[in-house]
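J.:
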Amino acid sequence: MSSTTSSAAAQSSTHPPHNPYNYVPTEWICILFVVLFSVSTLLHILQATRYRMWWLFPTAVLAGLAEVLGWSGRLWSSQNVTLLNPFLIQITTTIIAPTPLVAANFIILGKIIRRLGPQYSRLSPMWYMIVFCSFDLIALIVQAVGGASASQAARQYKNADKGAHIMLGGIVFQMAALTVYVACAIEFFWRFYRDTPVRKVEPTSGANQVDSSSLNKFSRAMAIDKRTRLMILGLALSTVTIFIRSVYRTVELTDGWTGRIISNQVYFNVLDGGMITIAMYTLNLFHPGILLKSESRTLGEKQSRKTSIDTVV
Numbered sequence: 008m009s010s011t012t013s014s015a016a017a018q019s020s021t022h023p024p025h026n027p028y029n030y031v032p033t034e035w036i037c038i039l040f041v042v043l044f045s046v047s048t049l050l051h052i053l054q055a056t057r058y059r060m061w062w063l064f065p066t067a068v069l070a071g072l073a074e075v076l077g078w079s080g081r082l083w084s085s086q087n088v089t090l091l092n093p094f095l096i097q098i099t100t101t102i103i104a105p106t107p108l109v110a111a112n113f114i115i116l117g118k119i120i121r122r123l124g125p126q127y128s129r130l131s132p133m134w135y136m137i138v139f140c141s142f143d144l145i146a147l148i149v150q151a152v153g154g155a156s157a158s159q160a161a162r163q164y165k166n167a168d169k170g171a172h173i174m175l176g177g178i179v180f181q182m183a184a185l186t187v188y189v190a191c192a193i194e195f196f197w198r199f200y201r202d203t204p205v206r207k208v209e210p211t212s213g214a215n216q217v218d219s220s221s222l223n224k225f226s227r228a229m230a231i232d233k234r235t236r237l238m239i240l241g242l243a244l245s246t247v248t249i250f251i252r253s254v255y256r257t258v259e260l261t262d263g264w265t266g267r268i269i270s271n272q273v274y275f276n277v278l279d280g281g282m283i284t285i286a287m288y289t290l291n292l293f294h295p296g297i298l299l300k301s302e303s304r305t306l307g308e309k310q311s312r313k314t315s316i317d318t319v320v
């Protein structure tokens, strides 16, 4: 036996092949998610191009591509579960993938705020997107660093807990940002429906802002056009599913690499793959290109026009 063969045999005996999942990924489920994410991603590419919403490429499209890569890694593992590379691919990409999708939600809420009235938001729509997308970018970087650290440790047969803790920190940070985002959104809609703006807005010649007294004459909820209401519904559904997934991932990584949570395939399929699938397709169905068309008049413009007509009559 040559020295090279002896060395390889020694390493194999020291680090025997093992199953990093603690289960074997089910092949048909992996194929299903690869197809689902591929279709949704293709739709996002077509929709972003059709409606010229280029910001969807580094957000929804990027998230979809990462999910396709991650589930392809799991499909690879279903053929040979002891291989390390596909495991590292899927664990890193499926953790990072939803982060760009969260940024899409931040941007959409900013557009809704601009449409319904920035005076009801503590931040302007532009600053809202800048602040929360910056938080999202930080979370993405932290998770990527953690994934790289865990991958390097695993390749060297070292303890990957440090990398896992870094990834966990990124997920917790993202969940905290999501919580603040939800709180800000709830406050905005509460102030809008009660007509209690954060600040006064000086009337402009363009009449883009709404006179509070005119809006108080009818239900503010019904004053929102149908498309915007649908966009709010879609945004809420997407946010809830992403938040559920974040809670699951936090518990999973806290439980450790060999914990009961990470070792259960059903939890992962439903609470990670299932939740992000719903979030991706929600954005396909409740698409901002359809529901938040730039040429549509804002609520303020519509009410101003109605007030002007009433005055003339």
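As numbered in this note's numbering, residues 8 to 320 make up the sequence shown, in order.
The beta-carbon is built from N, C-alpha and C at its ideal position, and this holds for glycine as well.
1. Would you call Asp-279 buried or exposed, if buried means 16 or more other Cβ atoms sit within 10 Å of its Cβ?
2. Smallest Cα separation from Val-88: which of Val-152, Asp-143, Val-205 and Asn-29?
3. Cα separation between Ile-251 and Thr-203?
4. Taking the beta carbon of His-25 as the centre, do at least 16 other beta carbons fall within 10 Å, making it buried, or is it exposed?
5. Are the Cβ atoms of Gly-77 and Gln-97 separated by less than 8 Å?
6. So, is Ile-178 buried or exposed, given that buried needs 16 or more other C-beta atoms within 10 angstroms?
7. Could you tell me whether the segment 48-60 touches the segment 267-286, using the rule of 3 or more Cβ pairs below 8 Å?
8. Excluding five sequence neighbours on each side, which residues of the same chain lie with their C-beta closer than 8 Å to the C-beta of Val-149?
9. Any idea if Lys-118 is buried or exposed, counting beta-carbon neighbours within 10 angstroms, 16 or more meaning buried?
10. Residues in the same chain with beta-carbon distance under 8 Å from Val-189, minus the five sequence neighbours each way, listed in chain order, please.
11. The alpha helix (DSSP H) with Thr-99 in it runs from where to where?
12. Quick one, are the C-beta atoms of Gln-126 and Arg-234 less than 8 Å apart?
T.: Inspection of the coordinates gives the following:
1. buried
2. Asn-29
3. 31 Å
4. exposed
5. yes
6. buried
7. no
8. Ile-173, Met-174, Gly-176, Gly-177 and Phe-180
9. buried
10. Thr-246 and Phe-250
11. 91-103
12. no
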